[in-house]
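Asks: The structure that follows is given in the form of structure tokens.
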Amino acid sequence: EVQLAESGGGLVQPGGSLRLSCVVSGFSFSRYWMSWVRQAPGKGLEWVANIKDDGSEKHYVDSVEGRFTISRDNAKNSLYLQMNSLRVEDTAVYYCGRGSVARDSWGQGTLVTVSS
Amino acid sequence: QSALTQPASVSGSPGQSITISCTGTSSDVARYNLVSWYQQYPGKVPKLLISEVSKRPSGVSDRFSGSKSGNTASLTISGLQAEDEADYYCCSYTSGGTVLFGGGTKLTVL
Chain A
8 EVQLAESGGG
18 LVQPGGSLRL
28 SCVVSGFSFS
38 RYWMSWVRQA
48 PGKGLEWVAN
58 IKDDGSEKHY
68 VDSVEGRFTI
78 SRDNAKNSLY
88 LQMNSLRVED
98 TAVYYCGRGS
108 VARDSWGQGT
118 LVTVSS
Chain B
32 QSALTQPASV
42 SGSPGQSITI
52 SCTGTSSDVA
62 RYNLVSWYQQ
72 YPGKVPKLLI
82 SEVSKRPSGV
92 SDRFSGSKSG
102 NTASLTISGL
112 QAEDEADYYC
122 CSYTSGGTVL
132 FGGGTKLTVL
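As they're listed, the protein sequences go chains A and B. Going left to right, the first sequence walks through residues 8 to 123 as this note's numbering numbers them. Going left to right, the second sequence walks through residues 32 to 141 as this note's numbering numbers them.
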């Protein structure tokens, strides 16, 4: 069974940092593109970043470029999102997922709240 | 990176068919056959309904179908059921390797 489990969310002040993790099981992690998608409270889905299976290619939405870094450790079946210089508008549930455009498996999400 | 354009809401009666549109540009929907559709119930994780414009993953009802013409993709739900009441999102690959979602459409089953 494919499983994805995010962790690392929480309350942080504007300008602060958080590192999200996503541990996966049930599939060959190193063979898939992975991505992060977020959803602000009461709002729609927003793609944040994706990373190629071997980590050699990464892409970001303009609003997080230069502040967020996506990475992966294929030996640990883990995906990460380092978030720096956080803003109030980054408040959202962050979902990791298998795939990029066609995300066929999603984690349950982790809530990031940026507030003073 | 502007979001793909979807109607905010659509509605239909049980048994009817409805179509949700998703309008992009020549840099995304029109250029690539990499459009997906997701269904999301309130408080739940989104579920993939359609990938690559018209492919249904295993387990997805054949009442859901996807298509594309030019810069507009469409999701059609036939034989509408009460359980179809949910939010629906389109998603497309874009030039440069990024991904765009639509703003979402709330489907109400009357």
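Here a beta-carbon is modelled for each residue, glycine too, at the ideal position from N, C-alpha and C.
Does the distance from the C-beta atom of residue 109 of chain B to that of residue 98 of chain B stay below 8 Å?
Replies: Position 78 of the second sequence, counted from the start, is the residue given in the question as residue 109 of chain B. Position 67 of the second sequence, counted from the start, is the residue given in the question as residue 98 of chain B. No, Cβ-Cβ distance for residue 109 of chain B and residue 98 of chain B is not below 8 Å.
Asks: Considering just the uninterrupted stretch of the beta strand (DSSP E) at residue 75 of chain A, what are its terminal residues?
Replies: As a first step, residue 75 of chain A is located in the first sequence; it is residue number 68 there, counting from the start. Where residue 75 of chain A is concerned, the enclosing beta strand (DSSP E) stretches over 75-80.
Asks: Measure from the C-beta of residue 110 of chain B to each C-beta in chain A and report whether the shortest distance is under 8 Å.
Replies: Here residue 110 of chain B refers to the residue found at position 79 of the second sequence. No, no contact with chain A.
Asks: Quick check on residue 36 of chain A: does DSSP put it in helix, strand or coil?
Replies: Residue 36 of chain A sits at position 29 when you count from the first residue of the first sequence. Note: residue 36 of chain A maps to helix in three-state DSSP.
Asks: Looking at the unbroken beta strand (DSSP E) that takes in residue 46 of chain A, where does it start and where does it end?
Replies: What you label residue 46 of chain A is simply residue 39 of the first sequence in a count that begins at 1. Here the beta strand (DSSP E) through residue 46 of chain A covers 41-46.
Asks: Quick one: does residue 57 of chain A have its CB under 8 Å from some CB of chain B?
Replies: Position 50 of the first sequence, counted from the start, is the residue given in the question as residue 57 of chain A. Taking Cβ atoms only, chain B reaches closer than 8 Å to residue 57 of chain A, which makes this a yes.
Asks: Leaving aside the five residues before and after residue 61 of chain A along the sequence, list all residues of the same chain whose C-beta is less than 8 Å from its C-beta, in chain order.
Replies: Here residue 61 of chain A refers to the residue found at position 54 of the first sequence. Contacts found: 37 and 81.
Asks: Counting C-beta neighbours from all protein chains within 10 Å, is the total for residue 95 of chain A 16 or more, i.e. buried, or is it exposed?
Replies: Working through the first sequence from its first residue, we reach residue 95 of chain A at position 88. Looking at its Cβ environment, which holds fewer than 16 other Cβ atoms inside 10 Å, residue 95 of chain A is exposed.
Asks: With 8 Å as the threshold, decide whether the Cβ of residue 53 of chain A is near any Cβ in chain B.
Replies: Position 46 of the first sequence, counting from 1, holds the residue named residue 53 of chain A. True, the Cβ-Cβ gap to chain B drops below 8 Å.
Asks: Kindly identify the DSSP beta-bridge partner or partners of residue 118 of chain B.
Replies: Along the second sequence, one-based indexing puts residue 118 of chain B at 87. Per DSSP, B:71 and B:137.
Asks: Where DSSP assigns a beta bridge to residue 67 of chain A, which residues make up the other side?
Replies: Along the first sequence, read from residue 1 onward, the residue named residue 67 of chain A stands at position 60. BP columns for residue 67 of chain A point to A:56.
Asks: When the Cα of residue 120 of chain A is compared with those of A:29, A:21 and A:89, which residue comes out closest?
Replies: Along the first sequence, read from residue 1 onward, the residue named residue 120 of chain A stands at position 113. Looking at the Cα atoms, A:21 is the closest of the given residues.
Asks: Quickly, what does DSSP pair residue 10 of chain A with across the bridge? List them, please.
Replies: Along the first sequence, read from residue 1 onward, the residue named residue 10 of chain A stands at position 3. Residue 10 of chain A is bridged to A:32.
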